[in-house]
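Trainee:
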Amino acid sequence: MVYYINENFSKDVKYTVNKFFTHKFDEEHILITTSHGSWVVLSNEEFDLLMKNKIHEDSYLFDVLEGKGIIITEKNTNEIVNKYKQRFDYLSNGIGLHIVVPTLRCNHQCIYCHSLSKDMDTKCYDMDEDIAKAVVDFIFQSPSKSINLEFQGGEPLVNFPIVQYIVEYAKEKNNSKYSSNVWYSGNKQLSFTIVTNLTLMDEEILNYILKNRIRICTSLDGPKELHDKNRPCKNYNSSYEEVTHWIDIIKKKDPTLTALPTITRYSLNYAKEIVDEYMKHKFTHLKMRELNIAGMSIKSWNTIGYTPEEYIKFWKEYFEYLLTINRSLGIKLLDQIARSILTRIMCRKSTFDACLNSPCGVGTVQCAYNEKGDVYTCDEARSNETFKLGNVKENNYKDVFTSENVSSFISLSSCLSFLCDSCTWNSYCSPCLVSGYGETKTLIPKFPNFVCKIRGEQTKEIFKKLIFSKDKYILEKWMSYN
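In the working numbering, the protein residues as written are 21 to 502.
1. If we require 3 or more residues per run, which beta strand (DSSP E) segments fall completely within the region 314 to 393?
2. Identify the residues that DSSP records as bridge partners of Y448: which are they?
3. Pick from G383, W498, Y493, Q129: whose alpha carbon is nearest that of H118?
4. To the nearest angstrom, how far is the alpha carbon of A314 from that of L453?
5. Nearest-angstrom Cα distance between S348 and D491?
6. The alpha helix (DSSP H) spanning F483 covers which residue range?
7. If you follow the alpha helix (DSSP H) that W203 is part of, which residue opens it and which one closes it?
8. Give every residue of the same chain whose Cβ lies closer than 8 Å to the Cβ of E48, excluding the five residues on either side of it in the sequence, and list them in chain order.
9. Between the alpha carbons of Q356 and T284, how many angstroms are there, rounded?
10. How is the beta strand (DSSP E) around I91 delimited, first residue to last?
11. Tell me which residue opens and which closes the alpha helix (DSSP H) that L230 is part of.
12. Let me know if V101 comes out buried or exposed under the rule of 16 or more other beta-carbons within 10 Å of its beta-carbon.
13. Would you report the Cα separation of C443 and D78, rounded to the nearest angstrom?
14. How about N250 and I332: are their beta carbons less than 9 Å apart?
15. What does the alpha-carbon distance come out to for the pair S196 and L169?
16. Of the choices K272, R309, L230, whose alpha-carbon is the least far from that of L288?
17. So the candidates are C387, I234, N127; which of them puts its Cα closest to the Cα of D141?
18. Are I294 and P252 close, meaning C-beta to C-beta below 9 Å?
19. Look at the Cβ atom of Q209, then the Cβ atom of S162, and state whether they are nearer than 9 Å.
20. In the DSSP assignment, find the unbroken beta strand (DSSP E) run with Q209 in it and report its ends.
21. On the CB-based measure, 16 or more other CB atoms within 10 Å of its CB, does F40 come out buried or exposed?
22. Use the C-beta contact count for H265: other C-beta atoms within 10 angstroms, 16 or more gives buried, fewer gives exposed.
23. On the three-state DSSP scale, how would you describe H49?
24. Could you tell me the boundaries of the beta strand (DSSP E) in which H118 lies?
25. Is the number of C-beta pairs between the region 55 to 75 and the region 90 to 104 that are closer than 8 Å three or more?
26. Would you kindly work out how many angstroms separate the C-alpha atoms of Y104 and I361, rounded to a whole number?
27. What first and last residue would you give for the beta strand (DSSP E) that runs through I167?
28. Using DSSP with H/G/I as helix, E/B as strand and the rest coil, what is V22?
29. I'd like to confirm the pairing. Which residues does DSSP put opposite C237 in its beta bridges?
30. Assuming L495 is part of the alpha helix (DSSP H), what are its boundary residues?
31. Can you say whether C367 is buried or exposed, counting buried as having 16 or more other CB atoms within 10 angstroms of its CB?
32. Spatial neighbours of Y511 within its chain, please: C-beta separation below 6 Å, excluding the five flanking residues on both sides.
33. Beta-carbon separation of Y326 and L311 under 9 Å?
34. On the three-state DSSP scale, how would you describe Y457?
35. Would you kindly report the start and end of the unbroken beta strand (DSSP E) that includes G87?
36. Take E459 and list the residues in its own chain whose beta-carbon comes closer than 7 Å to its own, dropping the five residues that flank it on each side.
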């Protein structure tokens, strides 16, 4: 529920009750949230005082609500404004995450591929040096002080010479110097990531990646039978064997290697086994990524898809198991989606998360470039021309990202529809235009939709842990982990 209350006077202080949202857990635990991210839990008696404009009868309550910005006074107005600024400061930084596709060809046939990758022997789906140079030149028009070039596919190792060309040209254009971490200092802070299935890895490629401090991310969908079901590979009887072989090698040389599982219908009975698989390979971060309704998933949804309720049942089982492991073994094993939501609940400063912000990363945090130099809102959108923004050979950065098209995408992803605007989880949730379009075939969000239901339930569950559970200290620790 959302409430607007008229101006009142209390304690000789003029105040206005801010717009707020409520969720009643029980009679003594009523959650109050605001659009600038503050929250507080009130008893039924305290909530009645707020609703009846009688907070002056409880000076402690008045001070708490003023401190949280739930009531607005002359004393806290600037603080509330600053919280809004901090929460949304990413909107004015310029795009920092640039996803580049050296090729759309791939040696896998993943059953949920959002990019609609092409067969290995298909022609005309590789980026050439002319397009690669134009992509880098376009990227460096971004006003962002930090640039991360992330290579995706297809499978980027299929066209690794172009990956090398882009890395070397970007370092040269940046006047890069080595620094002590993953960033190259220069005109901008420059870094690189490669998202690869690892099955085409060899020692020469790995040495180049490590020498140039390119961060590696891969996919591991769980134990062998599940991974091979979700991610079949043409060249190997088992993609799992190749992937885990290289994971174990790379982990010894670069502990920062990351991986994530994509959850299909086949995954729903493997919540604990997926966690165990990640522990087996010494990962400390998990991100149980629900299916994106895009690309191959649209065509095969009746086979591999699920309802939000089915996914949340799986996610809660996984989340409880994760907390049990943290509690009983003292292992640093965290969920990245939960931490992103926690950050929005417990902090005011915006965080770099292209998919878990509102507005999302479109036109503000991230964009993607296909092998032809076409510019898209994000990686997941590359299979849908609806989300094409321009081309690096035909448009400049300013024209693309100050266009009416981009402004519309930002607006549509900002949780400002009527149903979002009255939701308790408004300040902590994040819509997905791509998945929403795949679900409803329209850009106008229809809430509650697939992603909306999942994010809302995840946010509610995390609030319950913070309010009622002894595991609160584990979640707070997650905030400090790298």
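Built from N, CA and C at the ideal position, the CB exists for glycine as well. Bear in mind that the values here come from a model prediction, so they are computed numbers and not experimental data.
Mentor: The answer reads as follows:
1. 386 to 389
2. Y448 is not bridged to any residue.
3. G383
4. 10 Å
5. 11 Å
6. 470 to 488
7. No alpha helix (DSSP H) contains W203, which DSSP labels as neither H nor E.
8. S63, N64
9. 19 Å
10. 91 to 93
11. 223 to 231
12. exposed
13. 28 Å
14. no
15. 14 Å
16. R309
17. N127
18. no
19. no
20. 209 to 215
21. buried
22. exposed
23. strand
24. 117 to 120
25. yes
26. 17 Å
27. 166 to 171
28. A caution first: V22 carries a pLDDT of 48, below 50, which makes its placement in the model too unreliable to give a value.
29. V215, T278
30. 492 to 498
31. exposed
32. The structure shown does not extend to residue 511, since the chain is modelled only from 21 to 502, so the question has no answer here.
33. yes
34. helix
35. Segment 79 to 88 is the alpha helix (DSSP H) holding G87; no beta strand (DSSP E) there.
36. I313, N469, F470
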